[in-house]
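Visitor: Be aware that the sequence shown starts at 1, since it is given in UniProt numbering, and climbs by one per residue.
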Amino acid sequence: MLAFAEVAYRGLLIEQDKRSAHRYVDSYEELKGKTLLDIGAAEAIFTLDTIEYMDHAYLFECDESWIEALEVTFAPYKEKITIVRKYVSDVDDEDNITLDTFFRDEGKSIDNLFLKMNIEGYERIALEGAVHILEHGRQIGGSVCIYHLHDDKKVIESELKKFNLKTSIQPGYLYFEKEMRSAIIRFWS
1 MLAFAEVAYR GLLIEQDKRS AHRYVDSYEE LKGKTLLDIG AAEAIFTLDT
51 IEYMDHAYLF ECDESWIEAL EVTFAPYKEK ITIVRKYVSD VDDEDNITLD
101 TFFRDEGKSI DNLFLKMNIE GYERIALEGA VHILEHGRQI GGSVCIYHLH
151 DDKKVIESEL KKFNLKTSIQ PGYLYFEKEM RSAIIRFWS
């Protein structure tokens, strides 16, 4: 079991190495004073690595197998972390919430946000539920996975540009579904 944990942890570290195609930011300094939306948090290694930089993080995670681990891991930072047990989507119901609704209902500012999205091919759907945030939020930025669906790179980049957001593709590729694909698109206002 220990060997598996070591291998899994090493894989997470490699994923966020400065040379990785899957790296979410150039520097953790980019998150200084930001509110992080870790959408598809899983083990939330990115949030844990950047906790000292951000003002607050919302961990969007529905997989119950992660919840207890997240609660234990982030217990020392409970004033900076909110775990949200809903899928981020383009609809609002018992299991899903749009980012626009989440921020409206919480009465929270949509400014100074950093969105990290890794939700297994549902990224474009989640972006459809964030129209108000993307259109009106100031100093907004993020990183979105663009390798889960074959045309994610083109579709998601086009969607972000509709909001006059600047974009860049993280250099490098990863092998997914028998193809070499770009992994991350970054955006900022």
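Even for Gly, the Cβ is constructed at its ideal location relative to N, Cα and C.
Everything numeric in this text was worked out from a predicted model, so none of it was measured.
How would you write the range of the alpha helix (DSSP H) that Phe163 sits in, first residue to last?
Guide: Looking at the DSSP string, Phe163 is not in any alpha helix (DSSP H), and its letter there is neither H nor E.
Visitor: Terminal residues of the continuous alpha helix (DSSP H) containing Gly143?
Guide: Sequence inspection shows Ser at residue 143; the Gly mentioned does not correspond to that position. Ser143 -> not in any alpha helix (DSSP H); beta strand (DSSP E) instead, spanning 141-145.
Visitor: Are the CB atoms of Gly129 and Val84 within a distance shorter than 9 Å?
Guide: no
Visitor: Can you check which of these residues, Ile97, Arg138, Asn118, is closest to Ile156 by C-alpha distance?
Guide: Closest by C-alpha distance to Ile156, out of Ile97, Arg138, Asn118, is Asn118.
Visitor: Assign Tyr147 to buried or exposed, taking buried as 16 or more other Cβ atoms, counted over all protein chains shown, within 10 Å of its Cβ.
Guide: By the 10 Å Cβ count, Tyr147 comes out buried.
Visitor: Comparing C-alpha positions only, which one of Gln170, Glu177, Leu160, Lys108 sits nearest to Val189?
Guide: Checking the sequence shown, residue 189 turns out to be Ser, not Val. In terms of CA proximity to Ser189, Leu160 leads the group Gln170, Glu177, Leu160, Lys108.
Visitor: Between Glu29, Leu31, Lys34, Ala57, which has its C-alpha nearest Gly40's C-alpha?
Guide: Ala57
Visitor: Looking only at C-alpha atoms, which of Gly137, Glu106, Glu94 sits nearest to Leu115?
Guide: Out of Gly137, Glu106, Glu94, the CA that lies nearest to the CA of Leu115 is found in Gly137.
Visitor: By DSSP's criteria, Trp66 is part of a beta bridge. Which residues make up the other side?
Guide: Beta-bridge pairing links Trp66 to no other residue.
Visitor: In this structure, what does DSSP give as the bridge partners for Thr82?
Guide: Tyr58
Visitor: Taking 8 Å as the threshold, find out whether the segment 16-26 comes into contact with the segment 169-176 through three or more Cβ pairs.
Guide: yes
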